[in-house]
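Okay, so the sequence shown: first residue is -2 according to our numbering, each after it adds one. Ideal placement from N, C-alpha and C gives every residue a C-beta, glycine not left out. These numbers were taken from a predicted model, which means no experiment stands behind them. Single-structure report; data block below.
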Amino acid sequence: MPQDAGLPDPSSDLSPLNRSGPSPVAGRIDPAPPPRSPGAPPGLSAAPDVGALLQGLRRRWISATILGTVLATVVSVGFWFLLTPKATAFSTLQIRYLEPNVLRSGPSGGPADFKAIQATTAAQIQSGRVINAALKRDEVRRLSLESRETDPAAYIRKNLKVESKETNELLTIVFTDPDPQVALAIAEAIKEAFMDDIVHETKLARVRAVTKLEKVYGEAVEGLKVKRSTLKKIAENLGATEPTQWILMRSELLSNLRELKQVHSQVSFKRIENTAALEAFDLRAKMTKDVKGPEPANFEALVDAEMLRDEDARDHRQQIKRYKATVKDFVDKGFGRELLCERASQNLKKAEKDLRERRLEVAAEVKKGGPRLTSPPTRDDSPYVRAQLAKNVESLTKLEGDLKGDIDRLGKEVTNMPQVGQEYVALADEVQLAQKSIDNVGTQLERERIELDAASRISRYQNAELVESDNKKQILAAGASPLAVLLAVCMGLAYLDYRQRRIRTAGQVSRGLGIRVVGAVPDAPNLEHQIVGPSGEPVLEGHPVLESIDALRAVLLHEAHMRSTRIVMVTSATAGEGKTTLASHLACSLARAGRKTLLLDGDLRRPTVHELFELPMQPGFSEVLLGEIEVTEACQETNLETLSIIPAGQWDREVLQALARDGLEGMFDKLQQEFDFIIIDSHPVLPASDSLILGRQVDAVILSVLREVSQMPKVYAAAQKLSSLGIRVLGAVVNGTDPEDVFSSPSASPAVAV
-2 MPQDAGLPDP SSDLSPLNRS GPSPVAGRID PAPPPRSPGA PPGLSAAPDV GALLQGLRRR
58 WISATILGTV LATVVSVGFW FLLTPKATAF STLQIRYLEP NVLRSGPSGG PADFKAIQAT
118 TAAQIQSGRV INAALKRDEV RRLSLESRET DPAAYIRKNL KVESKETNEL LTIVFTDPDP
178 QVALAIAEAI KEAFMDDIVH ETKLARVRAV TKLEKVYGEA VEGLKVKRST LKKIAENLGA
238 TEPTQWILMR SELLSNLREL KQVHSQVSFK RIENTAALEA FDLRAKMTKD VKGPEPANFE
298 ALVDAEMLRD EDARDHRQQI KRYKATVKDF VDKGFGRELL CERASQNLKK AEKDLRERRL
358 EVAAEVKKGG PRLTSPPTRD DSPYVRAQLA KNVESLTKLE GDLKGDIDRL GKEVTNMPQV
418 GQEYVALADE VQLAQKSIDN VGTQLERERI ELDAASRISR YQNAELVESD NKKQILAAGA
478 SPLAVLLAVC MGLAYLDYRQ RRIRTAGQVS RGLGIRVVGA VPDAPNLEHQ IVGPSGEPVL
538 EGHPVLESID ALRAVLLHEA HMRSTRIVMV TSATAGEGKT TLASHLACSL ARAGRKTLLL
598 DGDLRRPTVH ELFELPMQPG FSEVLLGEIE VTEACQETNL ETLSIIPAGQ WDREVLQALA
658 RDGLEGMFDK LQQEFDFIII DSHPVLPASD SLILGRQVDA VILSVLREVS QMPKVYAAAQ
718 KLSSLGIRVL GAVVNGTDPE DVFSSPSASP AVAV
């Protein structure tokens, strides 16, 4: 069997394990770097940058182009139809700032009133009453909205707007709909329904109010006629044509009579006062001549004269006169028993008592003969004064007689005037009040009739028209949205590609994860079926793949020489990462180098080694674990003389339990006595614990990484899981790398060995 370049014959005394050959012609082996710092490796903790996203986009550009084009087209078409501008129609009403009023004498209303009218009108236009009235109009019925909308009223309310400003009198009704004719018809129908159902109805209500007022006025006039007729009949029964005039005349006569009586009382009082003054004058003159004191017969006259001269007595007499007039007035009016009348009577009695007491005081002074009567006459006691007093008494006596005659005459006239009953008076008062009410109602009725001719505060201003459509937004969205969607799809796929963190170069394993790269195998079609030919020769003779595998073999030979690494397990983080193919090629490479090699299929759940070498699956490793056969009995020969295979055998749950029991160490001790190298193809690390159990029996583990398939987080997790159990990870082999990556120089940043 041909030997690898740089490796001597195994029978030579100078073992290849004791010397190093030239550098491998293929593959890349990073030297062992310094220990790794704690924390997540750069490949997992680094944030995405523009370069990484562009690399992801470069790998996904076909998917991004196809998906982005499809989505951009869909979004562009969607925006074009969704943003198609709806037809907008508007009609206009005018609301006058001031209420039109024919008889208005000054300004009415104001900003607050105008704002309230605007808000009320807008609410009325959008009310269900107006919308339902608009739906009943012929021009709206012809639109057949029921076939388009489940609830036409709700649809109209949703698309109806009412706009107004406080700075002008116009109120705009706006309606939008995809169909311009529908928008026009509904905008006009809403306006007309409002004018007919609200404005016109308001005017009709005013007409009805005037009609009702006319009815009230007519009924009041008829009632007044009836009352006047009743008054006329009462007057005829009394024998008078104008009883009302009689009442007025009697009232006037009574008033004149009261005035004459008051004047008569005043004149009488003055006459008495002047008479007393005259008598006092004469008595004073007589007593001046005879100072012996007044005779008893003249004593009372002297006291009366002094009472006329006394100021206090004069005040008491005036009070008595005033209280008597008050009591008499109350009695004449029929209020003789009222509280005020009784109080006036009490005041009258008190004033009379005070006058009597004052007379006693004056009489006592006169009896003592004080200076009141004995003083000599003054200038006022001249004959001229007496003559004047006598003339006053004469004039007042004559005036008193004349007034008495007038009082008697007016009394007779009042007595002879016909008496009108209380019924007539009450009815006359009712007629007078009714006439005033009728006059007020008539004035209001005439005013309302005139105001009916006033213009309405709300009126039509403009019929419905269409607003010019603005499709700039539609064009802009339909044009810009595809670019945005295409960019979003590209960046999204690039980010998703980055989030997967698939391994694409050996540098991502060494620099990004800190895992030593011990080999890199180029991509080749059907590599798993090109392991060894029928006669044992390599199928890929001279191919870069074979050179890369042989370079990895050199690493194992070096490890065997330096650390006695003879049992090597080949595994991966998950399934489908090329571990079985790598293990098979590596075992064949060792066998071609003259090393007696055993390939053990430790992937008991999904065995495939027996298929690659076209060997039976059992008896195999499962039967050895169950103790059914010895391990040497499970070894099967291949086309290579120095390569043996132990297939997986028939797997079941008992095999899994047997794998977990102790005893594997003795089995591998026996195999080491028979073979130079034992290559184990194990189950992936993350899905199950099989590889961890086998890993405790091996000298080193090689992680198989497949380009564009393996993900950095999972590879790192598998390496950490193995290391946590003290299992030595020799390094990783990157499968499917590009040729330029395979033959590139070692990385400037060496990887960290696990």
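Pairing L700 with T568 gives a Cβ-Cβ distance under 8 Å. One Cα belongs to V71, the other to A119, and the distance between them is close to 41 Å. For the pair of segments examined, the region 581 to 599 was found to touch the region 667 to 679: the number of CB pairs separated by less than 8 Å reaches three. Taking all protein chains shown into account, N271 has 16 or more neighbouring C-beta atoms within 10 Å of its C-beta and is therefore buried. From the listed residues Q459, A580, Q429, S124, the smallest Cα separation to A217 is found for Q429.
Positions of the alpha helix (DSSP H) runs, each at least 4 residues long and wholly inside the region 106 to 151, are given as 108 to 122, 125 to 132, 135 to 138, 142 to 145 in order along the chain. Going by DSSP, V552 is part of the alpha helix (DSSP H) stretching over 541 to 560. Taking every protein chain shown into account, the CB of L722 has fewer than 16 other CB atoms within 10 angstroms, so this residue is exposed.
For Y713, the enclosing alpha helix (DSSP H) has its first and last residue at 709 to 721. With a cutoff of 8 Å on beta-carbon distance, I690 and A645 are scored as not near each other. The alpha carbon of E638 has as its nearest neighbour, out of A631, R589, E651, the alpha carbon of R589. In this structure, D666 lies away from V565, with their beta-carbon atoms at least 8 Å apart. Within the region 613 to 696, the complete beta strand (DSSP E) runs of at least 3 residues fall at 640 to 643, 674 to 679. Taking the Cα of I114 as reference, the smallest distance to any Cα among L95, S641, L132 is reached at L95.
Beyond the five residues adjoining it in sequence on each side, D687 comes within less than 6 Å, by CB distance, of H680 in the same chain, given in chain order. In this structure H582 is buried. Its beta-carbon is surrounded by 16 or more other beta-carbon atoms within 10 angstroms. Between E166 and R225, the C-beta spacing is not below 8 Å.
Within its own chain, the residues whose Cβ lies closer than 6 Å to the Cβ of R499, once the five positions on either side in sequence are excluded, are E705, Q708, listed in chain order.
Each residue's CA atom was taken as its position, placing L345 and V411 some 29 Å apart. For A150, the CB contacts under 8 Å within the same chain, skipping 5 residues up- and downstream, are G125, I128, N129, L132 in chain order.
The way I'd put it, the region 299 to 317 does touch the region 345 to 356; three or more beta-carbon pairs between them come closer than 8 Å. Assignment of Y94 by DSSP, reduced to helix, strand and coil, places it in the coil class. Contact between the region 205 to 215 and the region 434 to 447 is established, with three or more Cβ pairs separated by less than 8 Å. Looking at the DSSP output, Q459 sits in a beta bridge with T89. Apart from the 5 residues on each side of it in sequence, L257 sits with its Cβ closer than 7 Å to the Cβ of L400, D403, I404, L407 in its chain, given in chain order. Around the C-beta of N460, fewer than 16 other C-beta atoms lie within 10 Å, and the residue is accordingly described as exposed.
Each of A425, L612, E538 was checked against the Cα of A232, and the nearest Cα belongs to A425.
When beta bridges are read from the DSSP output, E160 appears opposite T169.
By the neighbour-count definition (other C-beta atoms within 10 Å, threshold 16), T199 is an exposed residue. A residue is called buried once 16 or more other Cβ atoms fall within 10 Å of its Cβ, and D174 is buried on that count.
Distances from the CA of E448 to each of L493, A206, P177 were compared; the closest alpha carbon is that of A206. Here G728 is bridged, per DSSP, to I699.
Of the residues assessed, A491 falls on the buried side of the cut-off, its CB having 16 or more other CB atoms within 10 angstroms. Taking the Cα positions, H607 is about 16 Å away from L524. Cα atoms of Q669 and R560: separation of roughly 15 Å, rounded to the nearest angstrom. Taking C-alpha positions only, T89 is separated from I170 by approximately 6 Å.
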